[in-house]
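Enquirer:
Residue numbers (the working numbering): 6 to 167.
1) In chain order, which beta strand (DSSP E) runs of at least 3 residues are fully inside the segment 72-148?
2) Quick one: using the 10 Å Cβ neighbour count with 16 as the cut-off for buried, is residue 126 buried or exposed?
3) Is residue 57 helix, strand or coil by DSSP?
4) Look up residue 30 in the DSSP assignment and say whether it is helix, strand or coil.
5) Exposed or buried, what is residue 71 when buried is set at 16 or more other beta-carbons lying within 10 Å of its beta-carbon?
6) Mind reading off the beta-carbon distance from residue 172 to residue 114? Whole number of angstroms is fine, and I expect it under 8 Å.
7) I'd like to know whether the C-beta atoms of residue 136 and residue 86 end up nearer to each other than 8 Å.
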């Protein structure tokens, strides 16, 4: 084999290794990424079993049931559809009916969302960006009643707007 042929083989081998490494990294990232879904998204296009997703919306009024130990069931709604959620653990202090919530987990075979993480809103005007975007896209966002306060550096320093 000539010098030029050896050099081309070496460069081809390096490119193959880089391509393989990139493929493995992308596969690992896609397995760990949890895509955001509203209850309407989950009802209309059921995610595959075991796929990690983030479910965002409001805790439906009258739906919270505290079971034995630390198991809680509730429904998350986007005013169009609602999805039952089961969570075992300690809920955030700000978790309550009628408030914004984002749950991360998987959808069970019985179409109950099995959450392993529940995040509650942090003040009376906050709503997750994904939920706001989804409500705006469907024309359900009332800016005057539900708009989150703008988080500015000045507001954080002075306490104004929070």
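Ideal Cβ placement from N, Cα and C applies to all residues, glycine included.
Expert: On the basis of the coordinates in this document:
1) Within the segment 72-148, the complete beta strand (DSSP E) runs of at least 3 residues are 76-82, 87-93, 105-112 and 118-125.
2) So residue 126 ends up on the buried side.
3) Of the three classes helix, strand and coil, the one that applies to residue 57 here is coil, per DSSP.
4) In the structure shown, the three-state DSSP call for residue 30 is helix.
5) Exposed is the call here.
6) Within the shown structure, residues of the chain are numbered from 6 to 167, placing residue 172 beyond reach of any answer.
7) No, they are not a contact pair.
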